[in-house]
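Participant: Supplied in structure tokens, the structure appears directly below.
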Amino acid sequence: MSDHVIGTLNDLRSSCLGSEEGFGKATKGVHSSPLRDRFMGVARQRAEFADELAGHIRKLGGEPSESGHQSALQQPGWYELERGIHRREDNALLAEAERGEENTLRHYDHAVTLELPPPVRTMVERQRLAVQETLLNLRVVEELRR
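For the working numbering, count along the sequence shown from 1 and bump the result up by 195.
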């Protein structure tokens, strides 16, 4: 079970690193200061999640992954953001961030269906809720900006 758990946690870590990278890049293209601050906050949170996951991976005897899935920017949403980051309006960047975050949530949704040790499950569920909350907040911001 340990190898399976380590693999799952490394998948989540890669997703978080990818999300951190994607939101970090989005901050460079967004024009709205409040939206830039929001993106920077999410990037920091994903970095913290990745570090927390790495700690659990090490406790289980594994080696934490060091990069996002094929670089975060190959994930749906983040790839499109990178291609046109400086030509995009804030609403377009917001939509791409949503798509990237939907992908991150899918990884967490899969992880919570698996058998995980109680302390790991608690952490994964907490992080999943934060990712879900971020996605919902992004959708609200997008609706308000329309």
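Built from N, CA and C at the ideal position, the CB exists for glycine as well. Since the structure is predicted, the reported quantities are computational estimates derived from the model, not experimental observations.
1) With the cut-off set at 8 Å, would you say leucine 248 and serine 197 are in Cβ contact?
2) Work out the CA separation of asparagine 286 and leucine 204 for me, nearest whole Å.
3) Specify the secondary structure class of glutamine 269 as computed by DSSP and reduced to three states.
4) What residue from Gly224, Lys220, Ile252 and Glu310 has the CA that sits closest to alanine 238's CA?
5) When burial is assigned at 16 or more other CB atoms within 10 Å of the CB, is leucine 230 buried or exposed?
6) Report the rounded CA-to-CA distance for histidine 251 versus valine 319, giving the unit in angstroms.
7) Report the rounded CA-to-CA distance for glutamate 291 versus glutamate 284, giving the unit in angstroms.
8) Return the CA-CA distance between proline 314 and glycine 236, expressed in angstroms with no decimal places.
Facilitator: Result, derived from the coordinates:
1) Position 53 of the sequence shown holds residue 248. Position 2 of the sequence shown holds residue 197. No, these two residues do not count as a Cβ contact at 8 Å.
2) For the purposes of this step, residue 204 is identified with residue 9 of the sequence shown, where counting begins at 1. For the purposes of this step, residue 286 is identified with residue 91 of the sequence shown, where counting begins at 1. The alpha-carbon atoms of leucine 204 and asparagine 286 are separated by roughly 32 Å.
3) Against the sequence shown, residue 269 aligns to sequence position 74. For glutamine 269, the pLDDT reaches just 45, beneath the cut-off of 50, and the residue's location in the model is therefore unreliable, although a value from the coordinates is still provided. For glutamine 269, the secondary structure class from DSSP, reduced to helix, strand or coil, is helix.
4) Taking the sequence shown and counting its residues from 1, the one referred to as residue 238 is at position 43. In terms of CA proximity to alanine 238, Lys220 leads the group Gly224, Lys220, Ile252 and Glu310.
5) Mapped onto the sequence shown, residue 230 falls at position 35. Buried, since its Cβ has 16 or more Cβ neighbours within 10 Å.
6) Walking along the sequence shown from the start, residue 251 turns up at place 56. Walking along the sequence shown from the start, residue 319 turns up at place 124. Inter-residue distance for histidine 251 and valine 319 is about 11 Å (C-alpha atoms, whole angstroms).
7) As a working mapping, residue 291 is identified with position 96 in the sequence shown. As a working mapping, residue 284 is identified with position 89 in the sequence shown. Rounded to the nearest angstrom, the two C-alpha atoms are 11 Å apart.
8) Position 119 of the sequence shown holds residue 314. Position 41 of the sequence shown holds residue 236. So the alpha carbons of these two residues sit roughly 25 Å apart.
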